[in-house]
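Residue numbers (my numbering): 7 to 635.
Note that beta-carbon positions come from the ideal geometry of N, C-alpha and C, so glycine has one too.
Since the model is a prediction, treat every value here as computed from it, not as a measurement.
Below is one structure, written out as structure tokens; comments come after it.
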Amino acid sequence: EGELIQRWVLNEANYKGKVLRLWISSLTAEAIRDGFQNLQDAKQFDNLYFAGFSRAIGDWLLGMNATRLYTLKYGGFKQLLSVGRVQTPTLAMLVQRHHEIENFKPEPFWELKTLYREVLFSYEKGRFLKKEDGETLLQEIENKPFEILTVIKKNGKETPPRLFDLTSLQVYCNKRFSYSADQTLKIVQKLYEQKVVTYPRVDTTYLPNDVYPKIAGILKKMNSYSSFIQPLLGQKIRKSAKVFNDKKVTDHHAIIPTGFEKKLISQEQNVYDAIARRFIAAFYPDCLVAKTTVHGAVGEVKFKAHGKVILEEGWRVLFPKPKKKNNTFTDDNSEDNPKKKEEEERILPDFKKGETGEHTPSLLEKMTQPPKNYTEATLLRGMETAGKTVDDDELRDLMKENGIGRPSTRAAIIETLFRRKYIVRKRKQVVATEMGIQLIDVIQNPMLKSAELTGKWEKQLRDIGNGKYSAKLFIDNMKKMVTDLVDEVRMAKATKRFAPQTANTKFAKPKKTRTSKNKIAGATCPKCKQGDLLKGKSAYGCSRWKEGCDFRLPFSFLGKKIPEKQLARLVEYGSTIQLAGFKKEGKKVKGNLKFNDSFQLFLKEKEARKVGSQQIKKVAKPISQKNKK
7 EGELIQRWVL
17 NEANYKGKVL
27 RLWISSLTAE
37 AIRDGFQNLQ
47 DAKQFDNLYF
57 AGFSRAIGDW
67 LLGMNATRLY
77 TLKYGGFKQL
87 LSVGRVQTPT
97 LAMLVQRHHE
107 IENFKPEPFW
117 ELKTLYREVL
127 FSYEKGRFLK
137 KEDGETLLQE
147 IENKPFEILT
157 VIKKNGKETP
167 PRLFDLTSLQ
177 VYCNKRFSYS
187 ADQTLKIVQK
197 LYEQKVVTYP
207 RVDTTYLPND
217 VYPKIAGILK
227 KMNSYSSFIQ
237 PLLGQKIRKS
247 AKVFNDKKVT
257 DHHAIIPTGF
267 EKKLISQEQN
277 VYDAIARRFI
287 AAFYPDCLVA
297 KTTVHGAVGE
307 VKFKAHGKVI
317 LEEGWRVLFP
327 KPKKKNNTFT
337 DDNSEDNPKK
347 KEEEERILPD
357 FKKGETGEHT
367 PSLLEKMTQP
377 PKNYTEATLL
387 RGMETAGKTV
397 DDDELRDLMK
407 ENGIGRPSTR
417 AAIIETLFRR
427 KYIVRKRKQV
437 VATEMGIQLI
447 DVIQNPMLKS
457 AELTGKWEKQ
467 LRDIGNGKYS
477 AKLFIDNMKK
487 MVTDLVDEVR
497 MAKATKRFAP
507 QTANTKFAKP
517 KKTRTSKNKI
527 AGATCPKCKQ
537 GDLLKGKSAY
547 GCSRWKEGCD
557 FRLPFSFLGK
567 KIPEKQLARL
577 VEYGSTIQLA
587 GFKKEGKKVK
597 GNLKFNDSFQ
607 LFLKEKEARK
617 VGSQQIKKVA
627 KPISQKNKK
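So this is what it looks like as structure tokens:
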């Protein structure tokens, strides 16, 4: 921390004179001039120094003693076991997720749905845990008409996404560009040094009110985005409480462009573009939407369906929709908040209350899913909220004070765990290695591996910085905790010794239960990856056909009825085994059914081997004694 480093230098030099502090959030000439014209007395930052000092001493005391303690107790002389105040609870989160996945037992459940006027309605009371309960209702509604009970239309607003703090920027770039947290930090740090964005190592998404008069000037300088900015300049710049709030600004404000533009390389441009679009969007009007909820019933069995139409895009003009239909990522505020992802734009027919008609009900069998492995994006969010899954922005703000580590150090903590071979990447997932799992398993003290308790330490350090907690008390408590830990581990019986090893990765897999492999209805559509497969009269189709998914899996192809087992194999693996009995040009042929790039069926015929003009069959030859091994 800058304040701590400079204080240590001054203390070492035994300097006793007056000190003035330059406090700026960007490196532009204008910001530096303003900073020098408003130098502040260093005494105003004493609490910041006390907080940094407490953090450094606490981390040193715990890391040095606990690492040596566990290495000698369990690692012997050849295997270093690294333990730290932040890295150990972070690793514990990954190990806990590993155990949750490994011990997960999938269980079946059933969903009752019905198709009316090309809209899929869902049973209002949710899923069934017993198949017979669902089948009873299915039989009850099969030959009865569907009736529309109510049509509720409501207009709503969607506010612009928040400005970036460092963690949300790292989350965004991991999901959008697959950049690691450390990679994003290095890129945005370089952007800061090139004067194009403000100070990046921040933990707030707000701006102070005194920045508001400068907004128009910053926007005018952003020539690369002039088509988006021009509509804003002819009117008063929007001032939202979700953007400007002095009480929620910490040492520095949210990351925003400075208005200074420079030619950037591709990765730098990607990160800058994300920051710039979020900044511009903050001053655009809300997105106006019309939401429709339709309630229907078959007898006493009630169903519902939802639809949404965007009336005015507002800020969404800055975030064009992805071109690929199966690309679920969107460049708006939903990238780090799954529960805020609204239904995709879905126009419902003009339903009228009291109308009735025929419908097609179905009972879909599904399986409960295990928790997902962490990605760097979700791991960063977990560190921010002390291991708790929090989707609401306001609640997340409240929990930041109890998060693990600081925004500026979380990327380094994750990289440290990679370097020490406690975790590895598996595509975009981050998983614990066997060594990491064993380390957490031998650490019995909850203070060392509890994200929540570590978050409380972080809260105390913040309170020291705000003058609400004693630095001496924090360090005294840390000393006592370390002393108790040493006594506890020394007295414990060492039941395990770590052998020197590399990062053997033990990927967790949920335990399998015996279920029917031939189930197709309810399976995920292989084309759009979002809908469920429904069984019709002559084919399976996607439940999202109203949204444009035209996937169709016929029961018969080229004159042959396809066994249900092979259709299921086709959906899961993209190919059947070799089948006989297809009719082509009046002849019977063999081959494998596959999907082409558009997910249309085609037959890949069995190829006959040729020698000159003669076709021959492949004959298995016995292995001679000479060739046996």
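- Shown here, E611 sits in a strand according to DSSP, grouped into three states.
- The beta carbon of T362 is closer than 6 Å to those of P151, E153 in its chain, skipping five residues each way along the sequence.
- Ranked by Cα distance from G58, the options F605, I481, F504 are led by I481.
- With three or more CB-CB distances shorter than 8 Å, the segment 165-177 counts as touching the segment 208-215.
- The segment 593-607 and the segment 574-583 touch, with three or more beta-carbon pairs separated by less than 8 Å.
- Excluding residues up to 5 positions away in sequence, L86, L87 lie with their Cβ nearer than 6 Å to the Cβ of T77 in the same chain.
- By a beta-carbon distance limit of 8 Å, A187 contacts R416. Their separation comes to about 6 Å.
- Counting along the chain, the unbroken beta strand (DSSP E) around F309 starts and ends at 307-318.
- DSSP places K245 in no beta strand (DSSP E); its state is neither H nor E.
- DSSP lists no bridge partner for W463.
- When DSSP reads this structure, N161 sits in a beta bridge with A296.
- Distance from the Cα of K394 is smallest, within the candidate group N20, P95, A37, for P95.
- Taking one beta carbon from each stretch, the segment 193-202 and the segment 228-246 have fewer than 3 pairs nearer than 8 Å; the two do not touch.
- Residue pairing by DSSP places R352 opposite K314 in a beta bridge.
- Annotated three-state conformation of M373 is strand, per DSSP.
- Counting only the Cα atoms, L175 lies some 38 Å from V300.
- Separation of I419 and E390 (C-alpha to C-alpha, rounded to the nearest whole angstrom) is 13 Å.
- Here P237 is exposed. Its C-beta has fewer than 16 other C-beta atoms within 10 Å.
- Around the beta carbon of L45, a 10 Å sphere encloses fewer than 16 other beta carbons of the protein chains shown; the residue is thus reported as exposed.
- Assigned with DSSP and collapsed to three states, D447 falls in helix.
- Taking every protein chain shown into account, the CB of K543 has fewer than 16 other CB atoms within 10 angstroms, so this residue is exposed.
- C531 places its beta carbon 7 Å or farther from that of F561.
- The segment 280-299 and the segment 129-141 do not touch, with fewer than three beta-carbon pairs separated by less than 8 Å.
- Annotation for M484: G64, L67, L68 place their beta carbon closer than 7 Å to its own, counting only its chain and skipping 5 residues before and after.
- Closest in alpha carbon position to V323, among R13, P114, P291, P367, is P291.
- Residues Y55, G58, F59, A62 of the same chain have their beta carbon placed closer than 7 Å to that of L10, with the five preceding and five following residues left out of the count.
- Contact between the segment 262-278 and the segment 241-254 is not established, with fewer than three Cβ pairs separated by less than 8 Å.
- Rounded to the nearest whole angstrom, the CA to CA distance from K268 to K201 is 9 Å.
- The closest CA to that of F608, considering only L559, T366, K593, L16, is found on L559.
- Counted as a single uninterrupted DSSP element, the alpha helix (DSSP H) harbouring S60 occupies residues 52-76.
- The three-state reading of DSSP puts N598 in strand, counting E and B together.
- Taken through DSSP and simplified to helix, strand or coil, V89 comes out as coil.
- The three-state reading of DSSP puts P237 in helix, counting H, G and I together.
- By the CB criterion at 7 Å, L225 and T298 fall outside the cutoff.
- The segment 101-108 makes contact with the segment 441-449: 3 or more CB pairs, one atom from each, lie closer than 8 Å.
- With respect to the 7 Å criterion, V577 and A529 are classified as neighbours on the basis of their beta carbons.
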